[in-house]
Ligand code: CXF
Ligand code: ZN
């Protein structure tokens, strides 16, 4: 099969012929239909999330099951599925406590070093699977615990987005923050994740959703997807603007970029008793500062949010229903579709802020 391989950090991906093993145990072979391109893929290329090379990136996929291993009971060939980075071992304290997104034993879901690798180059050399998925490839061999079945009439390129960015954003609002009807929120960063936070807050019934970005077309798109107000951080002090608009701050200040300055701004936008919710992946080594006295006397909270605190086998089919009933907009979030061999173009456009979400569509 054809796949895009990252051979060295800071290098373009190379399109290569790669071999994929047969499903054993609880593994499932999936024909990739579509894969979103996420900022975390960029972070790996840039060496900010050093996961090891050579590897096949891509962790936001949807596809169709081709073959299942002998111990798989919940999937069969022909099923439409979404793959999620939050694969669960199902027996660690986090999985047992209903917080599979924090699973501490995910390593068990990969093949052992002494087994034939799931992915290999033409000469047989080992290729690392990223996030148990590796979706920049025509086929994926995934542990069943990283997959969820969805209805057959859901378009698979929209479904792919649910695999990471949409779940991260909707879940930050609905699961991590638990935004309630009438709450006020601000969202810094209106890329794929920020736009999904905005949609999650709209679905949860937030009364005021203030979108903050520096790119005018992203703010326009944010308005289409549910923002009630916009702030261009290039023109004004975003913290002052949000404080003024809300007479003292919002209930939830979301951050969806992962930069020290904007994380601290999100905290500054929150009112007494409110919470800053940090969703952007902050690079390793970055320290965040908050005024300690204000944290205590205003009883503010700072919440990290990973993968939307998901229970993806419950959440993702619900998000599919939100899409099918018109409440979750996905087509509007797909700025451009690319073939697999245009992947470096898709990556460059994400890097340059030219797309909300780019999708590799294997059916093009
Ligand atoms: C990532 C976090 C790092 C591993 C892959 C998934 N989450 C969202 O992009
Ligand atoms: Zn991602």
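In our numbering, the protein residues as written are 157 to 520. Cβ atoms here follow ideal geometry from the backbone N, Cα and C, with glycine treated the same way.
Next on the checklist: Taking 6 angstroms as the cut-off, is the C-beta of residue 259 nearer than that to any heavy atom in the ligand ZN?
Outcome noted: no
Item to check | Alpha carbon of residue 439 to alpha carbon of residue 300, nearest angstrom | outcome: 30 angstroms
Checklist entry - Counting only runs that start and end within the region 444–482, where is the beta strand (DSSP E) found for 3 or more residues in a row? => result 457–460
Item to check | Unbroken alpha helix (DSSP H) run spanning residue 262, endpoints | outcome: First-last for residue 262: undefined, no H or E at that position.
Checklist entry - Near residue 318, which residues of its chain fall below 6 angstroms by C-beta distance, leaving aside the five closest residues on each side in sequence? => result 238, 472 and 475
Item to check | Which residues DSSP lists as bridging residue 517, in chain order | outcome: 190
Checklist entry - Does the region 175–184 come close enough to the region 193–204 that 3 or more CB-CB pairs lie under 8 angstroms? => result no
Checklist entry - Using a threshold of 6 angstroms, is the CB atom of residue 196 nearer than that to any non-hydrogen atom of the ligand ZN? => result yes
Next on the checklist: Between residue 333 and residue 422, how many whole angstroms is the CB-CB distance? I'm expecting something under 8 angstroms.
Outcome noted: Rounded, the Cβ-Cβ distance is 12 angstroms, inconsistent with contact.
Item to check | Distance between beta carbons of residue 324 and residue 291, contact taken as under 8 angstroms | outcome: Not really, about 16 angstroms apart at Cβ, beyond 8 angstroms.
Item to check | Reference residue 175; option with closest CA among 374, 416, 262 and 284 | outcome: 284
Item to check | For residue 355, the first and last residue of its enclosing alpha helix (DSSP H) | outcome: 348–360
Checklist entry - For residue 151, which residues from the same chain have a beta carbon less than 6 angstroms from its beta carbon, with the 5 sequence-adjacent residues on both sides left out? => result The chain is shown only over 157 to 520; residue 151 falls outside these bounds and no answer can be derived.
Checklist entry - Is there contact between the region 389–403 and the region 496–515, where contact requires at least three CB pairs shorter than 8 angstroms? => result no
Checklist entry - Cα separation between residue 520 and residue 295? => result 15 angstroms
Checklist entry - If we ignore side chains and look at the alpha-carbon of each, how far apart do residue 424 and residue 342 end up? => result 11 angstroms
Item to check | Neighbourhood of residue 443 by C-beta distance below 8 angstroms, restricted to the same chain and skipping five residues each side | outcome: 416
Next on the checklist: Less than 7 angstroms between C-beta atoms, sequence neighbours within five positions excluded: which residues of the same chain meet that for residue 462?
Outcome noted: 257
Checklist entry - Grouping DSSP H, G and I as helix and E and B as strand, with all else coil, what is residue 217? => result strand
Checklist entry - Can you tell me the Cα-Cα spacing of residue 194 and residue 236, whole angstroms? => result 21 angstroms
Item to check | residue 320 Cβ short of 6 angstroms to the ligand ZN heavy atom set | outcome: yes
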